[in-house]
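See below for the structure under consideration.
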Amino acid sequence: MDRQWMYADRRSKEFIDGVHYFLRVAEANRQRGFICCPCNKCKNQKEYSASRTIHFHLFESGFMPSYNCWTSHGEQGVEMEEDEVEDDNIPDFAQYVGFEGNQTGEEEIAADGNDVADDLCQMLQDAREDCESEKEAHKLDKMLEDHRTSLYPGCEQGHKKLDTTLELLQWKAKNGVSDKAFGDLLKLVKNILPGRNKLPETTYEAKKIVCPLGLEVHKIHACPNDCILYRGEEYENLEACPVCKALRYKIRRDDPGEVDGQLTKKRIPAKVMWYFPIIPRLRRLFRNKGNARMLRWHAEERQQDGMLRHPADGSQWRNIDRKFKEFGKDARNIRFGLSTDGMNPFGEMSSGHSTWPVTMCIYNLPPWLCMKRKYIMMPIIIQGPKQPGNDIDVYLRPLVEDLKQLWKKGGVPVWDEDKQEEFNLRALLFVTINDWPALSNLSGQSNKGYKACTHCMDETESTYLKHCRKVVYMGHHRFLAANHPVRKKGKHFEHKADHRTKPKHRSGKTVFAMVKDLKVVFGKGPGSQHIESEDGHAAMWKKNSIFWELPYWEFLDVRHAIDVMHLTKNLCVNVASQNDPKIHPLNYA
12 MDRQWMYADR RSKEFIDGVH YFLRVAEANR QRGFICCPCN KCKNQKEYSA SRTIHFHLFE
72 SGFMPSYNCW TSHGEQGVEM EEDEVEDDNI PDFAQYVGFE GNQTGEEEIA ADGNDVADDL
132 CQMLQDARED CESEKEAHKL DKMLEDHRTS LYPGCEQGHK KLDTTLELLQ WKAKNGVSDK
192 AFGDLLKLVK NILPGRNKLP ETTYEAKKIV CPLGLEVHKI HACPNDCILY RGEEYENLEA
252 CPVCKALRYK IRRDDPGEVD GQLTKKRIPA KVMWYFPIIP RLRRLFRNKG NARMLRWHAE
312 ERQQDGMLRH PADGSQWRNI DRKFKEFGKD ARNIRFGLST DGMNPFGEMS SGHSTWPVTM
372 CIYNLPPWLC MKRKYIMMPI IIQGPKQPGN DIDVYLRPLV EDLKQLWKKG GVPVWDEDKQ
432 EEFNLRALLF VTINDWPALS NLSGQSNKGY KACTHCMDET ESTYLKHCRK VVYMGHHRFL
492 AANHPVRKKG KHFEHKADHR TKPKHRSGKT VFAMVKDLKV VFGKGPGSQH IESEDGHAAM
552 WKKNSIFWEL PYWEFLDVRH AIDVMHLTKN LCVNVASQND PKIHPLNYA
């Protein structure tokens with residue numbers, strides 16, 4: 012159906028008929044009993060149970076701009092080309108999820124399936140032409156062969172080995188099925204199918220069939236004391252850490268060593284880090300037309316009314332655009348947020364094992380997408396059982412190198428499927444968001460001692476309680492308004508009034524001047540060097556963070572932030588629960 016009626020005169024017959032048609036489609040695709048309102052005011056941000064309300068809104072203010080593809084009302088992102096001719100006798104309801112319309116025959120379903128199969132074949136052929144090595148070309152040739160191979164002899168439905176395996180793996184990922192359960196399912200289905208079928212028997216075999224579609228991963232050996240990564244010309248071929256002398260590989264009791272005429276057993280590294288490069292992932296995002304369009308949402312579709320709903324509404328976003336005009340000119344350039352924390356991968360609540368994943372979200376996307384699992388990257392996984400702590404910079408090195416490459420003026424060449432053009436993509440790290448201990452590890456600022464406040468820094472007012480054996484922080488009324496009456500109540504504050512102003516915010520250049528000369532040797536074993544303590548208490552800075560190597564880092568106003576979850580939890584414990592003697596914070600003083 013031609014969608015030009017959506018922006019025609021709202022008094023015209025074509026607009027009235029079109030709205031009635033739209034409401035029928037929307038009614039058939041209700042989500043939890045509600046319908047998103049696509050009017051020019053609501054813009055799919057509000058939902059209503061009564062279609063009459065949406066009917067009134069559409070005639071009052073019209074449709075929101077550029078809503079030719081009804082993605083919030085069941086359409087699956089397929090738009091009709093302008094030169095296509097449509098049969099008026101056949102409604103186009105089939106492209107909506109959950110709406111059957113008048114198409115109930117098997118011919119249309121088979122035709123759709125054939126289109127998907129043809130698209131997959133075309134994708135593999137295009138990828139085959141762009142192969143840079145014989146190994147990759149051989150893998151894609153094998154995939155093309157699997158794509159043409161029937162699932163079993165005489166399969167009348169046209170199911171192919173590759174297509175079926177890919178659909179099953181998609182089902183596994185969508186429903187969070189474990190590898191063991193998925194393997195059992197494959198065995199069951201294989202036994203049900205006719206003999207000599209090509210369905211894989213295990214999860215490993217299924218993943219091997221589609222492995223060329225996966226993204227690359229680098230398995231990097233690390234020193235067990237977090238001193239170095241065994242990568243690069245300097246460390247790649249070493250057998251022991253040059254800092255702490257720890258062995259690179261575990262010693263096996265049943266390994267006789269090198270014996271003539273016998274193959275040596277595969278050696279197990281003492282510690283491993285997995286790195287998933289972010290540049291191939293970004294290229295894949297822009298290869299999808301819908302994703303490429305949504306990555307420009309912050310510039311083209313964001314509501315700019317002065318309200319703070321998204322990082323793009325904040326001052327730091329605007330400052331970056333003003334400072335780096337060439338970067339801000341292209342809305343496709345990426346802004347990342349980084350987070351990390353320790354977790355126990357074995358489903359236990361104990362802290363006996365701590366594996367550290369590093370995740371990155373893309374702030375170009377709208378708020379309802381940027382925190383979805385599909386768009387969150389996990390470039391780094393640091394193996395446990397011990398946390399890296401202050402030595403996390405060692406593991407961030409590959410990521411920072413990619414971020415440097417993405418910041419260079421030329422960027423990296425990327426194909427934009429939505430605009431049908433190649434452009435030079437650039438990216439920056441916008442902010443890191445963590446809990447308090449992880450913030451200290453990433454920023455290099457100590458989270459304990461006399462100068463532990465990340466805002467006040469060397470102006471932190473603190474004292475040591477000898478009997479409680481802890482440092483407490485004071486001077487909070489410096490942050491009150493100048494004429495606030497509490498400032499004069501010296502009875503509660505060391506018997507003196509306090510009219511000082513709050514500490515000034517330190518710019519990135521000022522902070523960088525504090526840390527640029529700090530020298531440390533990372534690691535937890537012999538040979539490592541740390542910043543010496545001051546008067547028996549932790550120094551204000553523990554290291555010169557690796558993020559200062561990013562050319563733009565010193566120009567950011569906010570480089571490290573506390574996550575909302577921990578802030579809310581601590582606020583509730585210390586303020587909202589003061590009447591509960593069991594968790595009153597003074598009980599722990």
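In terms of the numbering used here, the sequence shown opens at residue 12 and continues consecutively.
No residue lacks a Cβ here, since even glycine has one placed at the ideal position from N, Cα and C.
Legend entry - Nonlocal neighbours in the same chain, by C-beta distance under 7 Å from Tyr260, ignoring five residues either side: The sequence position of residue 260 within the sequence shown is 249, counting from 1. So the qualifying residues of the chain are Arg278, Ile279, Pro280, Ala281.
Legend entry - Proximity to Pro4 [Cα-Cα], best of Thr465, Tyr484, Ile573, Pro390: Residue 4 lies beyond the stretch modelled for the chain, which goes from 12 to 600, so this question has no answer here.
Inset, instruction - May I ask you to verify whether the region 438–456 touches the region 561–581, counting CB pairs closer than 8 Å and requiring at least 3? - result: yes
Legend entry - the region 396–407 / the region 361–374 touching (three or more Cβ pairs under 8 Å): Yes, since at least three Cβ pairs between the region 396–407 and the region 361–374 fall closer than 8 Å, the two stretches touch.
Inset, instruction - Compute every distance between the C-beta of Val221 and the non-hydrogen atoms of the ligand MN, then say whether any falls below 8 Å. - result: For the structure depicted, the ligand MN is absent and the ligand set is empty, with no information on it obtainable.
Legend entry - Inside the region 273–356 only - beta strand (DSSP E) runs reaching at least 3 residues: Counting whole runs of 3 or more residues, the region 273–356 contains the beta strand (DSSP E) stretches 283–286, 345–351.
Legend entry - Delimiting residues of the alpha helix (DSSP H) encompassing Pro448: Position 437 of the sequence shown, counted from the first residue, corresponds to residue 448. It spans 447–454 - the alpha helix (DSSP H) in which Pro448 sits, taken as one unbroken run.
Inset, instruction - Assign Met576 to one of two classes, buried (16 or more other C-beta atoms within 10 Å of its C-beta) or exposed (fewer than that). - result: Taking the first residue of the sequence shown as 1, we reach residue 576 at position 565. By the 10 Å Cβ count, Met576 comes out exposed.
Legend entry - Coarse secondary structure for Ala128, derived from DSSP in three states: Working through the sequence shown from its first residue, we reach residue 128 at position 117. Low confidence applies to Ala128: its pLDDT is 46, below 50, so where it sits in the model is not reliable enough to give any reading.
Legend entry - Where the beta strand (DSSP E) through Ala572 begins and ends: For the purposes of this step, residue 572 is identified with residue 561 of the sequence shown, where counting begins at 1. From DSSP, the beta strand (DSSP E) with Ala572 extends over 571–573.
Legend entry - Outcome for Tyr286 when other beta-carbon atoms lying within 10 angstroms are tallied against a minimum of 16: In the sequence shown, the residue the question calls residue 286 occupies position 275. Buried, by the Cβ-count rule.
Legend entry - Ser161 and Lys171 closer than 9 Å at C-beta: Numbered from 1 along the sequence shown, position 150 holds the residue referred to as residue 161. Numbered from 1 along the sequence shown, position 160 holds the residue referred to as residue 171. For Ser161 and Lys171, yes; Cβs fall inside 9 Å.
Legend entry - Residue interval of the beta strand (DSSP E) (run including Tyr484): Start at 1 with the first residue of the sequence shown, and residue 484 comes out as number 473. DSSP places Tyr484 in the uninterrupted beta strand (DSSP E) bounded by 481–485.
Inset, instruction - Provide the residue(s) that pair with Asp4 in DSSP beta bridges, ordered along the chain. - result: Examination of residue 4 is not possible in this model, given that the chain is present from 12 through 600 alone.
Legend entry - Complete alpha helix (DSSP H) runs within the region 364–439 (minimum length 4 residues, chain order): 378–381, 403–418
Inset, instruction - Look up Ser473 in the DSSP assignment and give the residues it is bridged to. - result: Against the sequence shown, residue 473 aligns to sequence position 462. Answer is Tyr484, bridged to Ser473.
Legend entry - Residue range of the beta strand (DSSP E) that includes Lys230: Numbered from 1 along the sequence shown, position 219 holds the residue referred to as residue 230. It spans 229–232 - the beta strand (DSSP E) in which Lys230 sits, taken as one unbroken run.
Legend entry - 8 Å CB neighbourhood of Leu204 in its chain, flanking five on each side removed: Taking the sequence shown and counting its residues from 1, the one referred to as residue 204 is at position 193. Cβ within range, chain order: Leu162, Tyr163, Leu210.
Legend entry - Residue interval of the alpha helix (DSSP H) (run including Trp552): Position 541 of the sequence shown holds residue 552. Counting along the chain, Trp552 falls outside any alpha helix (DSSP H), and DSSP gives it neither H nor E.
Legend entry - 6 Å Cβ shell around Ile300 - same chain, five flanking residues per side excluded: Taking the first residue of the sequence shown as 1, we reach residue 300 at position 289. The displayed chain sequence assigns Lys, not Ile, to residue 300. Cβ neighbours of Lys300 beyond the five flanking positions: Glu428, Asp429.
Inset, instruction - With a threshold of 16 other CB atoms inside 10 Å of the CB of Thr82, please say whether the residue is buried or exposed. - result: As a working mapping, residue 82 is identified with position 71 in the sequence shown. Result: exposed.
Legend entry - Close Cβ partners of Trp182 (< 8 Å) along its chain, the five nearest in sequence each way excluded: Residue 182 sits at position 171 when you count from the first residue of the sequence shown. Excluding residues within five positions, the ones whose Cβ falls inside 8 Å are Val188.
Legend entry - Alpha carbon of Cys381 to alpha carbon of Arg408, nearest angstrom: Taking the sequence shown and counting its residues from 1, one reaches residue 381 at position 370. Taking the sequence shown and counting its residues from 1, one reaches residue 408 at position 397. If you take the alpha carbons of Cys381 and Arg408, they lie about 25 Å apart.
Legend entry - Alpha-carbon spacing of Lys530 relative to Glu311, whole angstroms: As a position in the sequence shown, residue 530 is number 519, starting the count at 1. As a position in the sequence shown, residue 311 is number 300, starting the count at 1. So the alpha carbons of these two residues sit roughly 45 Å apart.
Legend entry - Reference Gly165, options Leu197, Asn202, Lys150, Arg207, closest by Cα: Residue mapping note: residue 165 aligns to position 154 of the sequence shown, counting from 1. Answer by Cα proximity: Arg207.
Inset, instruction - With DSSP as the reference, please indicate the residues paired to Leu240 in a beta bridge. - result: To locate residue 240, count along the sequence shown from 1; it is residue 229. Paired residue(s): Ala233.
Inset, instruction - Pull up the DSSP beta-bridge partners for Ile46, would you. - result: Taking the first residue of the sequence shown as position 1, residue 46 is located at position 35. Answer is Tyr59, bridged to Ile46.
Legend entry - Nearest-angstrom Cα separation, counted from Arg294 out to Leu417: Translated into the one-based positions of the sequence shown, residue 417 becomes position 406. Translated into the one-based positions of the sequence shown, residue 294 becomes position 283. Using only the alpha carbons, I get a separation of about 12 Å.
Inset, instruction - Could you tell me which of Lys24, Lys520, Gly325, Asp402 sits nearest to His541, measuring between CA atoms? - result: Along the sequence shown, read from residue 1 onward, the residue named residue 541 stands at position 530. Taking only the C-alpha atoms, the option nearest His541 is Asp402.
Legend entry - Short Cβ contact (9 Å threshold) for Ala438 with Phe347: To locate residue 438, count along the sequence shown from 1; it is residue 427. To locate residue 347, count along the sequence shown from 1; it is residue 336. In contact: Ala438 and Phe347 (Cβ atoms closer than 9 Å).
Legend entry - Paired residues, beta bridge with Gln540 - DSSP: The residue you call residue 540 lines up with position 529 of the sequence shown. Per DSSP, Val532.
Legend entry - Short Cβ contact (9 Å threshold) for Ala449 with Ser556: Mapped onto the sequence shown, residue 449 falls at position 438. Mapped onto the sequence shown, residue 556 falls at position 545. No, Cβ-Cβ distance for Ala449 and Ser556 is not below 9 Å.
Legend entry - Pick from Leu436, Phe45, Ile393, His66 that is closest to Gly339, judged by C-alpha positions: Sequence index remark: in the sequence shown, residue 339 carries index 328 (1-based). Of the listed residues, the one whose Cα sits closest to Gly339 is Leu436.
Legend entry - Given Ala493 as reference, the closest of His510, Lys477, His487, Ile46 once Cα atoms are compared: Within the sequence shown, the letter at position 482 stands for residue 493. Ranking the options by Cα distance to Ala493, first place goes to His510.
Inset, instruction - Identify whether Glu245 lies in helix, strand or coil by the three-state DSSP scheme. - result: Position 234 of the sequence shown, counted from the first residue, corresponds to residue 245. Three-state DSSP puts Glu245 in a helix.
Inset, instruction - Determine the burial state of Val127: buried for a count of at least 16 other Cβ atoms within 10 Å of its Cβ, exposed for fewer. - result: Translated into positions along the sequence shown, residue 127 becomes position 116. Model confidence at Val127 stands at a pLDDT of 44, short of 50, so the residue's coordinates are unreliable and nothing is read from them.
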